[in-house]
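*Asks:* Position 290 of the sequence shown, counted from 1, bears residue number 281 in our numbering, the numbering being contiguous throughout. Cβ coordinates follow ideal geometry from the N, Cα and C atoms, glycine included. Shown below is the structure under consideration.
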Amino acid sequence: MSESVRERNDAQIFGSFFLGGNEFALAVSSVQEVVNEPDGYTSVPLAPGYLKGLFNLRGIIIPVLDLRELLGLKAEVPAESRKIAIVESEGCCVGLLFDRTGEIFRSQEEERSDFDQAHAAGVVSGVFKKDGGGRIVQILDVSKLFQLRHIPKDSSRDRSRRDGLARKRGSRKQCISFVVGPARCALPISDIGEILKIEKLNESALGVGHCIGSIDLRGTTVPVIDFTSLLGYREVDRSDSATQGSRRIIVMRLDNELFGLMVDAVDSIVSYFSEDLISFPMVDQKKADMFLGCITGQEEGDILLLDHQKVFDHAEINEITRGHSKLYQNKMGHAKEASSKCGARRTYITFRIGGLYAVAIHEVKEIIEYPEQLLQPPGLQSHVRGVLNLRGDLITVVDARAMYVAEGAKDPAVAHKVLILSRNGLHFGLVVDAVESIVTFAENDKIKLPTMLYAQGTNHVSADISEAVEVTDMNGAKRRMLILSVDSVVARASGSGSGALAA
């Protein structure tokens, strides 16, 4: 595989991390490694609140950003064992502090929605809608993180020294480590298709040897192999709960076929240099070619790096697939043909202000928790809760319930969300009860509803609705969506709309 193809594949793989109940994603091509939080930091004078401090990682000084402070998330009791993702851009490294790691997955076009970059000023560049839109993963833009003010940068001398060492050692490579029985193994990131959490496998006629069933991956049947049993650490687990708990399925391609390796847990992203791999003797030479070497010096123990092309030989591949490959050809071509007949697809974020409403996802810069503190300048209108300093941008925070008098006042007992919107240089946050999901549908699939079904007066939210539609979700249920015009909402919030409320 050429280097350009490897880089393109790596850019499509993301790792997710959690801060409380919020899940974020980073492109693994930007992540050097993930380490445990150090016992202490070196403080930086005159540093902003989001700069936690500095720590020494094998001779490199790493500034650590507290993303909870940076993103304005609600303060919570820190997790007992937090993680730091070391990200790199243009030769500089920064650590991002998270509560815990999530999963590693490959970006799918139908799941991803990018924000409008022409107006985006935040560090969140878009979202993934996972699990049918019920789970939202926010994408962090690493380049924007390095543009923040007061982030310590390496001196030219430090960069030259590090670049010189890198040239001597060759290019740094990345792999994803995982647990199989008592061992920690890894596969190069470029060899991994995706990593999945599966509750239950499909029963399959392919269940021979270490193959325990199959999964349907966007129209392709993928046989799943119990990798821990293949390596001799236990008997084959064919129970109904075999894939539950921390176990994951690592999908890879061999001889134009997809295979899934069931592992006990996915561990981390690890960087290494080829020259650092240490060979080790094998007792059983049957699978000796599978092991590329040992990565040493890791906090959690040594890692055995594998060659995915040598996990199975041709005889094993033929036995697992039983020559039935043609029965499981990818059905995505048929799906795309049907999709092209349905017209352009649109993506919306749905949320609640009493009822269920939506705005086009490209209208939303980011979504944050309701801030604990707001500036209170004099002369605010009754529906304005205050002004938020969001990474140097002043955001007017508008209470949607107060602005639309028919919806009633904001309930302080509810943990509200704030949608950050922007129009003509004006930034404002719309306080909503909750963010529901992300919905994508084709223009030809929606049914427009007559205005008389939702119109309720100039001071009601219905006055700012651009259209009301009925769509069918992934479960076949019909959903009614009231799509707001952001232009109308901004005009009302700023006091220039026809239905604007007096202060």
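Are the Cβ atoms of residue 498 and residue 458 separated by less than 7 Å?
*Replies:* Limits of the chain in this structure are -8 at one end and 494 at the other, which puts residue 498 out of reach.
*Asks:* Taking the straight line between their C-alpha atoms, what separation do you get for residue 75 and residue 27?
*Replies:* As a position in the sequence shown, residue 75 is number 84, starting the count at 1. As a position in the sequence shown, residue 27 is number 36, starting the count at 1. The alpha-carbon atoms of residue 75 and residue 27 are separated by roughly 6 Å.
*Asks:* If you compare alpha carbons, which of 310, 247 and 183 is closest to residue 96?
*Replies:* In the sequence shown, the residue the question calls residue 96 occupies position 105. The residue from 310, 247 and 183 with its alpha-carbon nearest to that of residue 96 is 183.
*Asks:* Alpha helix (DSSP H) containing residue 481: first to last residue?
*Replies:* The residue you call residue 481 lines up with position 490 of the sequence shown. Unbroken alpha helix (DSSP H) run through residue 481: 477 to 484.
*Asks:* Just to confirm, is the Cβ distance from residue 72 to residue 163 under 7 Å?
*Replies:* Translated into positions along the sequence shown, residue 72 becomes position 81. Translated into positions along the sequence shown, residue 163 becomes position 172. For residue 72 and residue 163, no; Cβs fall outside 7 Å.
*Asks:* Would you check if there are 3 or more beta carbon pairs closer than 8 Å linking the region 243 to 253 to the region 201 to 215?
*Replies:* Under the three-pair Cβ rule at 8 Å, the region 243 to 253 counts as touching the region 201 to 215.
*Asks:* What is the DSSP secondary structure of residue 407, reduced to helix, strand or coil?
*Replies:* Taking the first residue of the sequence shown as position 1, residue 407 is located at position 416. Residue 407: coil per DSSP, three-state reduction.
*Asks:* Please classify residue 305 as buried or exposed, where buried requires at least 16 neighbouring CB atoms within 10 angstroms.
*Replies:* Residue numbering aside, residue 305 sits at position 314 when the sequence shown is read from its first letter. Flag for residue 305 reads exposed.
*Asks:* Could you tell me which residues DSSP puts in a beta bridge with residue 381?
*Replies:* On the sequence shown, position 390 is the one that residue 381 refers to. According to DSSP, which records beta bridges pairwise, residue 381 is partnered with 384.
*Asks:* Could you give the distance in angstroms between the alpha-carbon of residue 179 and the alpha-carbon of residue 270?
*Replies:* Counting from 1 along the sequence shown, the entry for residue 179 is found at position 188. Counting from 1 along the sequence shown, the entry for residue 270 is found at position 279. Rounded to the nearest angstrom, the two C-alpha atoms are 17 Å apart.
*Asks:* In this structure, what does DSSP give as the bridge partners for residue 104?
*Replies:* Locating residue 104 in the sequence shown gives position 113, counting from the first residue. Looking at the DSSP assignment, residue 104 forms a beta bridge with 118.
*Asks:* Residue 56: buried (16+ other C-beta within 10 angstroms of its C-beta) or exposed?
*Replies:* Counting from one through the sequence shown, the residue named residue 56 turns up at place 65. Residue 56 should be labelled buried.
*Asks:* For residue 193, I'd like the list of residues in its chain whose CB is within less than 6 Å of its CB, leaving aside the five on either flank, ordered along the chain.
*Replies:* Here the question's residue 193 lines up with position 202 in the sequence shown. Cβ neighbours of residue 193 beyond the five flanking positions: 204 and 205.
*Asks:* Using the C-alpha atoms, what's the distance from residue 301 back to residue 133?
*Replies:* Taking the sequence shown and counting its residues from 1, one reaches residue 133 at position 142. Taking the sequence shown and counting its residues from 1, one reaches residue 301 at position 310. For residue 133 and residue 301, the distance between alpha carbons rounds to 35 Å.
*Asks:* Please go through the same chain and pick out, in chain order, the residues whose beta-carbon is closer than 8 Å to the beta-carbon of residue 268, but skip the five residues on each side of it.
*Replies:* As a first step, residue 268 is located in the sequence shown; it is residue number 277 there, counting from the start. 283, 284, 285, 286 and 296.
*Asks:* What three-state label does DSSP hand residue 133 in the structure shown?
*Replies:* One-based indexing of the sequence shown puts residue 133 at position 142. If DSSP states are grouped into helix, strand and coil, residue 133 belongs with the helices.
*Asks:* Ends of the alpha helix (DSSP H) at residue 239?
*Replies:* Numbered from its first residue, the sequence shown carries residue 239 at position 248. Where residue 239 is concerned, there is no enclosing alpha helix (DSSP H), although the beta strand (DSSP E) it sits in stretches over 239 to 245.
*Asks:* How many whole angstroms separate the CB atoms of residue 299 and residue 243, which I take to be in contact at a CB cut-off of 8 Å?
*Replies:* The sequence position of residue 299 within the sequence shown is 308, counting from 1. The sequence position of residue 243 within the sequence shown is 252, counting from 1. Going by Cβ atoms, the distance from residue 299 to residue 243 rounds to 5 Å, so yes, they are a contact pair.
*Asks:* Would you tell me roughly how many angstroms separate the C-alpha atoms of residue 89 and residue 104, rounded to the nearest one?
*Replies:* Stepping through the sequence shown from its first residue, residue 89 is reached at position 98. Stepping through the sequence shown from its first residue, residue 104 is reached at position 113. Roughly 23 Å between the two C-alpha positions.
*Asks:* Buried or exposed for residue 191, going by 16 or more other Cβ atoms inside 10 Å?
*Replies:* Here residue 191 corresponds to residue number 200 of the sequence shown, with the count starting at 1. It counts as exposed.
*Asks:* How long is the line joining the alpha carbons of residue 219 and residue 259, rounded to whole angstroms?
*Replies:* If you number the sequence shown from 1, residue 219 lands on position 228. If you number the sequence shown from 1, residue 259 lands on position 268. If you take the alpha carbons of residue 219 and residue 259, they lie about 18 Å apart.
*Asks:* From residue 482 to residue 349, what distance separates their C-alpha atoms?
*Replies:* Translated into positions along the sequence shown, residue 482 becomes position 491. Translated into positions along the sequence shown, residue 349 becomes position 358. Answer to the nearest angstrom: the Cα atoms are 18 Å apart.
*Asks:* Leaving out five residues on either side along the sequence, give the residues of the same chain with a beta carbon under 7 Å from the beta carbon of residue 189.
*Replies:* The count along the sequence shown starts at 1 and reaches residue 189 at position 198. Taken in chain order, the residues that qualify are 206, 234 and 240.
*Asks:* With DSSP collapsed to three states, give me the class of residue 6.
*Replies:* In the sequence shown, the residue the question calls residue 6 occupies position 15. Three-state DSSP puts residue 6 in a strand.
*Asks:* For residue 362, which residues of its own chain have a beta-carbon under 7 Å away from its beta-carbon, when the five flanking residues on both sides are left out?
*Replies:* The residue you call residue 362 lines up with position 371 of the sequence shown. Within the same chain, and ignoring the five residues on either side of residue 362 in sequence, the residues whose Cβ sits closer than 7 Å to its Cβ are 63 and 379.
*Asks:* Look up residue 330 in the DSSP assignment and say whether it is helix, strand or coil.
*Replies:* Your numbering for residue 330 matches position 339 in the sequence shown. Legend: pLDDT at residue 330 = 49, less than 50; position of this residue unreliable, no value from coordinates given.
*Asks:* Comparing C-alpha positions only, which one of 54, 256 and 341 sits nearest to residue 139?
*Replies:* Translated into positions along the sequence shown, residue 139 becomes position 148. Out of 54, 256 and 341, 54 has the C-alpha closest to the C-alpha of residue 139.
*Asks:* Pull the bridge partners of residue 348 from the DSSP assignment, please.
*Replies:* For the purposes of this step, residue 348 is taken as residue 357 along the sequence shown, with counting starting at 1. Its beta-bridge partners are 342 and 473.
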